[in-house]
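To start, the structure under review is shown below, and the notes come after it.
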Amino acid sequence: MKPTTIIHLKRGKEESLQRFHPWIFSGAVHHIEGNPQEGDIVDVLAADGQFLARGHWQIGSIAVRVLTFEDRPIDLAFWTERLSAALDTRRSVGVYGRPDNDMFRLVHGEGDFLPGLVIDIYGRTAVMQAHSVGMHLCRQQLVEALTSLMAERLDAVYYKSETTLPFKASLGQENGFLFGQSKGDVARENGLLFHIDWLKGQKTGFFVDQRDNRSLLEQYSRGRNVLNMFCYTGGFSVYALRGGAHKVTSVDSSAKAIELVNANVELNFPADERHDAVAEDAFKFLSEMKHPYDLIILDPPAFAKHKDALKNALRGYTKLNAKALEKIQPGGILFTFSCSQAVSKDQFRMAVFTAAALSHRRVRILHQLHQPADHPINIYHPEGEYLKGLVLYVE
Ligand code: SAH
Numbered sequence: 014m015k016p017t018t019i020i021h022l023k024r025g026k027e028e029s030l031q032r033f034h035p036w037i038f039s040g041a042v043h044h045i046e047g048n049p050q051e052g053d054i055v056d057v058l059a060a061d062g063q064f065l066a067r068g069h070w071q072i073g074s075i076a077v078r079v080l081t082f083e084d085r086p087i088d089l090a091f092w093t094e095r096l097s098a099a100l101d102t103r104r105s106v107g108v109y110g111r112p113d114n115d116m117f118r119l120v121h122g123e124g125d126f127l128p129g130l131v132i133d134i135y136g137r138t139a140v141m142q143a144h145s146v147g148m149h150l151c152r153q154q155l156v157e158a159l160t161s162l163m164a165e166r167l168d169a170v171y172y173k174s175e176t177t178l179p180f181k182a183s184l185g186q187e188n189g190f191l192f193g194q195s196k197g198d199v200a201r202e203n204g205l206l207f208h209i210d211w212l213k214g215q216k217t218g219f220f221v222d223q224r225d226n227r228s229l230l231e232q233y234s235r236g237r238n239v240l241n242m243f244c245y246t247g248g249f250s251v252y253a254l255r256g257g258a259h260k261v262t263s264v265d266s267s268a269k270a271i272e273l274v275n276a277n278v279e280l281n282f283p284a285d286e287r288h289d290a291v292a293e294d295a296f297k298f299l300s301e302m303k304h305p306y307d308l309i310i311l312d313p314p315a316f317a318k319h320k321d322a323l324k325n326a327l328r329g330y331t332k333l334n335a336k337a338l339e340k341i342q343p344g345g346i347l348f349t350f351s352c353s354q355a356v357s358k359d360q361f362r363m364a365v366f367t368a369a370a371l372s373h374r375r376v377r378i379l380h381q382l383h384q385p386a387d388h389p390i391n392i393y394h395p396e397g398e399y400l401k402g403l404v405l406y407v408e
């Protein structure tokens, strides 16, 4: 389909596109030829009329999310090529096609040159999430491309965009299967089993982005008393148990999360008395805790969803880390994370630095952590970097 709408940019505003940045801000638009509806495919031209890009039209500060810098149709062949490239990347980074690991992120938005789209694979089910109206409108073609590429390996595609699409677009969107039905809810990560609740769980059902960091935690767990704060489905807890932890306590304010962590521990280590789980607010638990923990994980939800919440978010990270640093046993290890995109690596490190200073403990950085290879960052789109973490040694 050839777009009928043409976006003409102001003079000089073509530069970021020539560097392959995939967003066009509304302030860069000089005038529009046609009457685009949100989600339409549009062409973008420089002031001198030169073709620059083709992408999805949006209402808001980002006006266009670029799908291609080439003059080519956006059709089934286009989606098939992009998804096939995403699969090849997952194969080459070693998360796809392994008997002990069948869950991974297949599409990470701009990081896979598919802005506005997320696809996570859990065993034989794909969970697809649109973050733009344009991707929502292309969902059927995306499913067609995906199911033909992964034919032997997929039973179902579940579409979960109720909460990620712009509410004002009034699409009457409902979550549901676009292809097949799931035959089970268990998937495998590095040889460990997890129930994945893609119907009701947060995001697409599981946080696959912590896979490598969980493996590192496993290596530190032997003989330690582990506290997994903000445990959700208990990924870190299950790895700690396999790593030989002496005791593991999982904490989350949501009772549903506590059910999930208990089910996942049971699935891997039935009746293992080393584990217990508590439904409690993290700050309250840390203030009142009596048990001596020498390995603590802090993996809270994003404290800053937007730039304007940044200051409070940084204060939140400082307060949380200060509490853990105060309480951790001498010789303890703290795994601390931020998944807020609005918080930079340096800002997070500064917040943790302040916490260390407040706690009067001697603290050293052992590892600096980040998102795994199946969450790639398009080098022209540094905004795609969101997960950061530090492993600290606390004397
Ligand atoms: N560490 C998890 C992901 C954490 S998601 C993993 O590896 O999968 C964030 C979790 O924090 C959610 O489950 C949410 O219920 C919980 N949460 C949010 N606010 C909280 C609070 N104040 N105290 C404890 N848990 C909280």
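Every position in the sequence shown, counted from 1, becomes a number in my numbering once 13 is added. Idealized CB from N, CA, C, for every residue including glycine. This structure is a prediction, so every number in the text was calculated from the model and none was measured.
Reference residue i; option with closest CA among the options
i, options, result
"residue 217", "177, 241 and 364", "177"
"residue 246", "192, 382 and 263", "263"
"residue 136", "112, 282, 44 and 158", "112"
"residue 140", "98, 193 and 107", "193"
"residue 259", "287, 283 and 212", "287"
"residue 97", "391, 115 and 127", "127"
"residue 357", "379, 271, 374 and 315", "315"
"residue 19", "339, 78, 46 and 233", "46"
"residue 232", "238, 256, 318 and 351", "256"
"residue 268", "279, 280, 293 and 281", "293"
"residue 11", "196, 324 and 39", "Residue coverage of the chain in this structure runs from 14 to 408, which leaves residue 11 outside it and unanswerable."
"residue 204", "148, 281 and 91", "281"
"residue 195", "220, 367 and 169", "169"
"residue 82", "54, 100, 35 and 101", "35"
"residue 148", "361, 54 and 383", "54"
"residue 322", "198, 305 and 353", "353"
"residue 197", "220, 238, 138 and 368", "138"
"residue 349", "365, 167 and 100", "365"
"residue 382", "368, 351, 395 and 363", "351"
Residue i, buried or exposed, once every other Cβ within 10 Å from all chains shown has been counted against 16
i, result
"residue 328", "exposed"
"residue 331", "buried"
"residue 64", "exposed"
"residue 236", "exposed"
"residue 389", "buried"
"residue 48", "exposed"
"residue 283", "exposed"
"residue 202", "buried"
"residue 375", "exposed"
"residue 393", "exposed"
"residue 370", "exposed"
"residue 67", "buried"
"residue 32", "exposed"
"residue 307", "buried"
"residue 121", "buried"
"residue 17", "exposed"
"residue 206", "exposed"
"residue 101", "exposed"
Close Cβ partners of residue i (< 8 Å) along its chain, the five nearest in sequence each way excluded
i, result
"residue 146", "51, 52, 69, 71, 178, 179, 182 and 184"
"residue 273", "208, 210, 214, 245, 246 and 247"
"residue 175", "186, 187 and 188"
"residue 93", "158, 161 and 162"
Expected contact under 8 Å - CB spacing of residue i and residue j to nearest Å
i, j, result
"residue 397", "residue 129", "Going by Cβ atoms, the distance from residue 397 to residue 129 rounds to 12 Å, so no, they are not a contact pair."
"residue 80", "residue 57", "That belief does not hold up - the Cβ atoms of residue 80 and residue 57 are roughly 11 Å apart, past 8 Å."
"residue 104", "residue 119", "Contact flag wrong, Cβ pair sits at about 11 Å."
"residue 253", "residue 230", "6 Å"
"residue 89", "residue 158", "6 Å"
"residue 313", "residue 295", "7 Å"
"residue 251", "residue 277", "6 Å"
"residue 407", "residue 347", "6 Å"
"residue 60", "residue 24", "4 Å"
"residue 243", "residue 222", "Contact doesn't hold; Cβ gap of about 14 Å is too wide."
Residue-level contact to chain D via CB, residue i, 7 Å cutoff
i, result
"residue 345", "The structure shown contains no chain D; it is built from a single protein chain."
Nonlocal neighbours in the same chain, by C-beta distance under 6 Å from residue i, ignoring five residues either side
i, result
"residue 86", "none"
"residue 249", "227, 230, 241 and 310"
"residue 144", "129 and 177"
"residue 26", "41"
"residue 84", "64"
"residue 155", "92"
Close beta carbons around residue i, own chain, < 7 Å, minus the five adjacent residues each side
i, result
"residue 172", "141, 152, 188, 189 and 191"
"residue 337", "299, 309, 311 and 347"
"residue 43", "21, 22, 23 and 60"
"residue 225", "385"
"residue 320", "355"
"residue 106", "386 and 387"
"residue 5", "Missing from the structure shown is residue 5; the chain here goes from 14 to 408 and no further."
"residue 220", "245 and 248"
What ranges does the beta strand (DSSP E) occupy inside the segment 244-284, keeping only unbroken runs of at least 3 residues that lie completely in it? 260-265
3-residue-minimum beta strand (DSSP E) runs that sit fully inside the segment 308-354, ordered along the chain: 308-311 and 345-351
Ranges of the alpha helix (DSSP H) found wholly within the segment 37-124, counting only runs of at least 4: 89-105
In chain order, which continuous runs of the alpha helix (DSSP H) of length 4 or greater are located wholly inside the segment 353-393? 358-372
Run through the segment 129-170 for me and flag every whole beta strand (DSSP E) of 3 or more residues, listed as ranges in chain order. 130-135 and 138-143
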